[in-house]
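**Student:** Before I ask anything, let me first share the structure, which is written out below as structure tokens.
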């Protein structure tokens with residue numbers, strides 16, 4: 425039977441193997457170890473016979489207004505261990521961390537086709553509104569024009585085990601003008617370029633209509649739903 429335990433720096437090579445097996449992604453192991461050591465990421469692992477067979481990683485994030493959110497960022501279980509409820513147990517472990525850090529709620533972004541993950545979150549007490557979001561990615565781009573992002577939109581640098589990006593939130597707000605939207609994306613891409621990040625990203629409800637020129641350089645990266653637990 426697998427044990428669920430808090431991840432340490434020396435668990436990262438095992439986490440990296442699970443990530444490679446499940447998503448075919450290679451991670452920077454020393455950098456990931458640094459994130460855990462500095463508590464910029466918080467992870468739990470499922471260990472069986474001394475081997476990491478699953479993990480969950482999360483981080484604390486604050487939005488405009490100071491609301492503390494627990495972002496459940498990555499959840500993966502090695503295929504050989506599927507069907508044993510490890511996903512649910514890992515989610516429950518990180519949800520306890522959310523309470524420890526006084527987050528108002530915990531949430532996870534789950535691909536609409538990832539039925540096993542959705543079942544695991546549901547069993548762990550999470551729920552979704554059903555709203556579907558399209559994720560768009562913009563590549564970094566240096567900008568020499570001063571851009572002042574709208575106060576209604578937030579740009580958040582994010583450092584995780586698999587990527588470094590800039591989250592753009594609030595882009596679809598009714599009070600945000602098209603000019604402000606463009607300024608925000610330009611600023612986010614410039615920030616990504618300046619800090620050598622992978623991209624800028626935004627989640628747009630599938631029923632929202634944004635100007636076409638905003639999406640000129642964007643790449644659609646799938647459709648997702650938020651799963652949340654207070």
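Numbering (the numbering used here), first residue to last: 425 to 654.
Every residue gets a Cβ at the ideal spot worked out from N, C-alpha and C, and that includes glycine.
Three-state secondary structure (DSSP) at residue 427?
**Tutor:** Of the three classes helix, strand and coil, the one that applies to residue 427 here is strand, per DSSP.
**Student:** Measuring alpha carbon to alpha carbon, tell me which residue in 461, 628 and 496 is nearest residue 556.
**Tutor:** Checking every option, the nearest Cα to that of residue 556 belongs to 628.
**Student:** Below 8 Å CB to CB, which residues in the same chain sit around residue 578 once its five sequence neighbours on both sides are set aside?
**Tutor:** So the qualifying residues of the chain are 487, 488, 591, 592, 593 and 594.
**Student:** What does DSSP give as the partner residue(s) for residue 559 in the beta ladder?
**Tutor:** Answer is 627.
**Student:** Who are the near neighbours of residue 617 in its chain, counting only those whose CB is closer than 7 Å to its CB and skipping five residues on each side?
**Tutor:** Answer for residue 617: 564, 565 and 566, listed in chain order.
**Student:** Looking at the secondary structure, which residues open and close the beta strand (DSSP E) in which residue 477 lies?
**Tutor:** It spans 475 to 486 - the beta strand (DSSP E) in which residue 477 sits, taken as one unbroken run.
**Student:** Nearest CA to the CA of residue 625: which residue from 585, 462, 553 and 581?
**Tutor:** Checking every option, the nearest Cα to that of residue 625 belongs to 581.
**Student:** By how many angstroms is the C-alpha of residue 534 removed from the C-alpha of residue 494?
**Tutor:** Those two C-alpha atoms are separated by around 15 Å.
**Student:** By Cβ distance below 8 Å, which residues in the same chain neighbour residue 639 in space, the five residues on each side in sequence not counted?
**Tutor:** Once the five neighbours on either side are set aside, the close Cβ partners of residue 639 are 560.
**Student:** According to the Cβ coordinates, are residue 518 and residue 491 closer than 8 Å?
**Tutor:** No, the pair does not count as a contact, with Cβ atoms beyond the cut-off.
**Student:** Alpha carbon to alpha carbon, how far is residue 511 from residue 529? Give it in angstroms, no decimals.
**Tutor:** If I take the Cα positions, the gap works out to 19 Å.
**Student:** Between the C-alpha atoms of residue 418 and residue 605, what's the straight-line distance to the nearest angstrom?
**Tutor:** No answer is possible for residue 418: the residues shown for the chain start at 425 and end at 654.
**Student:** Could you say which of 444, 425, 632 and 615 lies nearest to residue 507 if we only look at CA atoms?
**Tutor:** Here the closest residue by C-alpha is 425.
**Student:** When burial is assigned at 16 or more other CB atoms within 10 Å of the CB, is residue 646 buried or exposed?
**Tutor:** Exposed is the call here.
**Student:** Suppose the cutoff is 8 Å on Cβ atoms and the five residues either side in sequence are ignored; what does the same chain contact list for residue 440 look like?
**Tutor:** Once the five neighbours on either side are set aside, the close Cβ partners of residue 440 are 450, 451, 453 and 456.
**Student:** Please give the ranges of any beta strand (DSSP E) in the segment 520 to 558, keeping only runs that are unbroken, at least 3 residues long and fully inside the region.
**Tutor:** Qualifying beta strand (DSSP E) stretches, in chain order: 529 to 535.
**Student:** Where does the unbroken beta strand (DSSP E) through residue 457 begin, and where does it stop?
**Tutor:** It is not in any beta strand (DSSP E) - residue 457 instead sits in the alpha helix (DSSP H) that spans 453 to 461.
**Student:** Can you give the Cα-Cα distance for residue 643 and residue 623, rounded to whole angstroms?
**Tutor:** Straight-line Cα distance between these residues: approximately 10 Å.
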